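First comes the structure, then the notes that go with it.
2 protein chains.
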Amino acid sequence: MSVKKFLNDPDDLVVEALEGLVTASAGRLRLHRDPLWLESAAADADRRVTLVSGGGSGHEPLHSGFVGPGMLDAAVPGAVFASPTALQVVAAVRGVDRGAGVLLIVKNYTGDVLNFQIAAEIAAEEGIEVETVLVDDDLASESDDGPGRRGTAATVVVEKVCGAAAARGLPLAEVAELGRRVAAGARSMAVALEGAVHPGEDVRSFDLAADEVEHGVGIHGERGIDRRPMAGAHELVGALTEPLVAALGLAEGDRAVVVVNGLGSTHLLELYVVFREVAALLEARGIGLARSLVGPYVTALDMAGASVTLVRADDELLGLWDDAVTTTALTWETR
Amino acid sequence: MSVKKFLNDPDDLVVEALEGLVTASAGRLRLHRDPLWLESAAADADRRVTLVSGGGSGHEPLHSGFVGPGMLDAAVPGAVFASPTALQVVAAVRGVDRGAGVLLIVKNYTGDVLNFQIAAEIAAEEGIEVETVLVDDDLASESDDGPGRRGTAATVVVEKVCGAAAARGLPLAEVAELGRRVAAGARSMAVALEGAVHPGEDVRSFDLAADEVEHGVGIHGERGIDRRPMAGAHELVGALTEPLVAALGLAEGDRAVVVVNGLGSTHLLELYVVFREVAALLEARGIGLARSLVGPYVTALDMAGASVTLVRADDELLGLWDDAVTTTALTWETR
C-alpha cells in the first residue's frame, strides 16, 4: 500500500498535473507533447532573448509556475526528480527562439547539465544562438572535487532577473552575464525535518529520528552535512544563515535578496517564523534586507523543511527584480 | 517530544509569524498589538467601505495573506484554530473605518460568530456602520439543526469580490449584499488523507489507516461525512465535486469559479491533478469553468488533503473577481 496522494496512475502524474496547470491558466500557457514542454502563450512577439529552464518534476512551482511574461518562455519537465531529455530541451529552444538567441538556465545536476549541453550543441548546429547559466547555490554540497554545488532555490532569482533583462531587450551575452553574476552571488542551505514520499511509494526517501534533522539536505533528499539534534527555530535558522553570510562575505552595508523557501509540507506560519529569524540575523549584522520571497517556491515533493537563500544585491539586480512579472507562482506589477 | 516544526515557543508562533510577514511586506502591512490585528498600510485614503476578516490562525494564507489593496483592509488573527476576541475585532473596525462603514466577513464557527457579533454591536454603539457576511460553504456540515455549514475556502472568493466592490466605491449595503450572494452560491467539500499536527504537540489531530480517507473533513480536522477507502484521484475528486454541483443546482450553460485548495502538506503537482479532474467533470456536464484558483489558500495546518469549492458565477461577480488585487497571497493586475 503506497502512501496516500492524489494520483491516478503515478506514471501519469507529471502530464496530468501539467494538463491541470494549462487548463487553470485559461490560455496563458500551452502544452506541447512528444516531446513534452510548456510554453508561455503570451501575445508578446518582440524580437528578444527567450528563456528556457527545466529539470526534474516534484519541485513545483519550479519551473512550470515561472513561465510567463517577465520570466521563462518555456519550462521543460522531466519525470519526478529526473532530468528531461535533450530532445525535450531542443524542442523548447526551437519553439521559443525569436532570432535573438535562447538562454538556458540549468540547475547543477549531472543529468540536467548533460542533457541541456547536448541540446545547446544541437541548437547551435541549427544556427540558434544559445548561452547557458548554471545555478549552483547549495553551499552544503560545496567540495574541492566532484560535481560542485547543487542548484536549488537561487534558481528563482536567476530566472526572475534574467527574464526581466530579456524583456528589456538586452542582448543574449548580457542576459547570460547577469544570470551568472546572480548565481555567483547566491548561496543556499536547507534543513529537513522529515523526508519526502515519492508518488506511488510507501516509505519516506529517508528516515529521521523524532529528535534529529538533516542539516544541508538537497532538494531530492540528498544527504547534507550532518544530522543534528532538533532545535528551536532561532538555532536552526542561524545554522542555515550564518554560513551563507560567511560564504558570500556579506558585511555591514551590503544588501541581500532573501528567499525563505518551503521544501513541501512546511506551513506558511513556520516559514514566516524562519524569515523573521533570517531578517533579525541580517539586521544584527548591518546587512540590508533588499527584497524577499517567503513560501514554497522550490519544493522537494512533500519534504518537511526549509531553505534559506541569500543573494548579494546591487541596484542593477534590484531594478530587474522589481520589473513586472506575470506567472502562476510569481506576479507583481512594476514595483 | 513534539513533532518537529520551525518554532521557538509555540505560544509565540502566531505573533512571530505575523512579525515575519510584516517585515517581508516591506511597509505594505502594519501590525497592531494589544490587541493584535494586521492592517494594510497602502496609501489609498478614499472614503470607501473597508473590510475586516479574521479567525483562528493555522489557515494561512487566510486571512493575513489577503490584506492589501483590492481585498481586506485588516485581518484579526486568533490563536491556532481559536477565534480572535471581540476586542481585537473592535480595534480593527475602529482602525480601518473611513466613515463609509465596515464589512465583517465571518466564517461560520460558533466562537467567530459570537465575537464578531459582539464587536459589531460595540462598533455600532460608537456610531460605526457595520454589516456582516457569514460564509458557510462546507456542504459536509449541512444539517437541519445545529450551527449550520462551516465556513471554508469560499471565504477567499467572498473577500476578493467584496474587496473589489469596496474599492469601486460601492456603498456598504451593496458590498454586503454581493458578499451574501457569493456565499449563498458557494459550496465546498474537503477530503483528508492525513490529519494535522498542532504546533508543540506530538500526535496528529486524528489518525487514518493507510487505506482510508476522511471524506468531508473540516479545516480544523472536524469529522466529515464518513471514512472511505483510499481511491484514485478521479474517484476522490468526483466524490467531492458531484455533491457540490447538485447542491448548487449547476446545469449545462451555468458557470462556476473553481477553487482547488490544498489543506497544508499536499503538493502542487497533486493539486493540479485534482483541478484537472474537477475541470473534466464540469466540462462533461457543460458547466463553464469561469475562473480558477489552485493552491494552498485555506490550510488546516499541515493536514494532507484538498478541498474543492464551486461558486455560481455571473458577469457582475466575474467583473469584480477580475479587478486588480495586491496582497501577499493573491495578486493580479486588472484582467
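Quick note, the sequences are listed as chains A and B, same order.
To convert, note that position 222 of the first sequence is 222 in this note's numbering; the numbers rise steadily by one, no gaps.
To convert, note that position 118 of the second sequence is 118 in this note's numbering; the numbers rise steadily by one, no gaps.
Just so you know, even glycine gets a beta-carbon here, dropped at the ideal spot from N, CA and C.
Predicted model, so just to flag it, every value in this text is computed and none were measured.
- When CB distances to chain A are screened at a threshold of 9 Å, the residues of the segment 236 to 268 of chain B falling below it are Leu236, Val237, Val258, Val260, Gly264, Ser265, Thr266, His267, Leu268, in chain order.
- In chain B, no part has a C-beta under 9 Å from the C-beta of A/Asp11; the shortest such distance is about 13 Å.
- For A/Leu236 and A/Arg180, the gap between their C-alpha atoms comes out near 29 Å.
- Taking every protein chain shown into account, the CB of A/Leu170 has 16 or more other CB atoms within 10 angstroms, so this residue is buried.
- Runs of the alpha helix (DSSP H) lying entirely within the segment 1 to 88 of chain A and spanning at least 4 residues, in chain order: 13 to 24.
- Going by DSSP, A/Ala164 is part of the alpha helix (DSSP H) stretching over 154 to 167.
- Taking the C-beta atoms as reference points, B/Leu271 is found no nearer than 8 Å to B/Gly238.
- Within chain A, the residues placing a beta-carbon under 9 Å from that of B/Val294 are Gly20, Leu21, Ala24, Thr328, ordered along the chain.
- For the C-beta of A/Ser57, the chain B residues within less than 8 Å are, from N- to C-terminus, Leu269.
- For A/Val274, there is no enclosing beta strand (DSSP E); the residue is found in the alpha helix (DSSP H) stretching over 268 to 284.
- A distance below 8 Å separates the beta carbons of A/Leu263 and A/Ala192.
- Looking at the DSSP output, B/Asn261 shares a beta bridge with B/Gly295, B/Ser307.
- In terms of Cβ geometry, B/Asp97 and B/Pro69 do not form a close pair [threshold 8 Å].
- The secondary-structure analysis by DSSP pairs A/Ile105 across a beta bridge with A/Ser53, A/Val133.
- Sorting A/Cys162, A/Val3, A/Ala183, A/Gly146 by C-alpha distance to the C-alpha of A/Ala153 places A/Ala183 at the top.
- Sequence-distant partners of B/Arg48 (beyond 5 residues in either direction) whose C-beta falls short of 6 Å from its own C-beta, in its chain, are Ala100, Ala166, Gly169.
- In this structure, B/Val311 lies away from B/Leu240, with their beta-carbon atoms at least 8 Å apart.
- Cβ atoms of B/Asp112 and B/Ser83 come within 8 Å of each other, at about 5 Å.
- Using a CB distance cut-off of 8 Å, B/Ala123 does not count as an interface residue toward chain A.
- Residues of chain A with a Cβ closer than 8 Å to the Cβ of B/Thr299 are, in chain order, His267, Leu268.
- Distance from the CA of B/Gly127 to the CA of B/Val175, rounded to the nearest whole angstrom, comes to 19 Å.
- Look at B/Asp302: its C-beta is under 8 Å from a C-beta on chain A.
- Proximity of chain A to B/Glu16 at the Cβ level (cut-off 7 Å) is accounted for by Val273, Arg276, in chain order.
- From the listed residues B/Gly319, B/His63, B/Gly78, the smallest Cα separation to B/Arg33 is found for B/Gly78.
- Taking 8 Å as the CB threshold, A/Val213 lines the interface with chain B.
- Counted as a single uninterrupted DSSP element, the stretch harbouring A/Asp112 is not any beta strand (DSSP E) but the alpha helix (DSSP H) occupying residues 110 to 125.
- Membership of B/Arg181 in the alpha helix (DSSP H) is indicated by the continuous run 172 to 184.
- In chain order, Thr110 place their CB closer than 6 Å to the CB of B/Pro147, counting only its own chain and leaving out the 5 sequence neighbours on each side.
- Inter-residue distance for A/Leu36 and A/Arg30 is about 11 Å (C-alpha atoms, whole angstroms).
- In the structure shown, A/Gly224 falls within a coil segment according to DSSP collapsed to helix, strand and coil.
- Runs of the alpha helix (DSSP H) lying entirely within the segment 183 to 248 of chain B, each at least 4 residues long, are 233 to 248 in chain order.
- Between A/Val52 and A/Val89, the gap from beta carbon to beta carbon is short of 8 Å.
- For the 8 Å CB-CB criterion, B/His59 and B/Val325 do not form a contact.
- Each of B/Thr331, B/Val93, B/Ala233 was checked against the Cα of B/Arg276, and the nearest Cα belongs to B/Ala233.
- Exclusion of the five residues before and after A/Asp254 leaves Ile287 as the residues of its chain whose Cβ lies within less than 6 Å of its Cβ.
- The DSSP-derived three-state label of B/Gly253 is coil.
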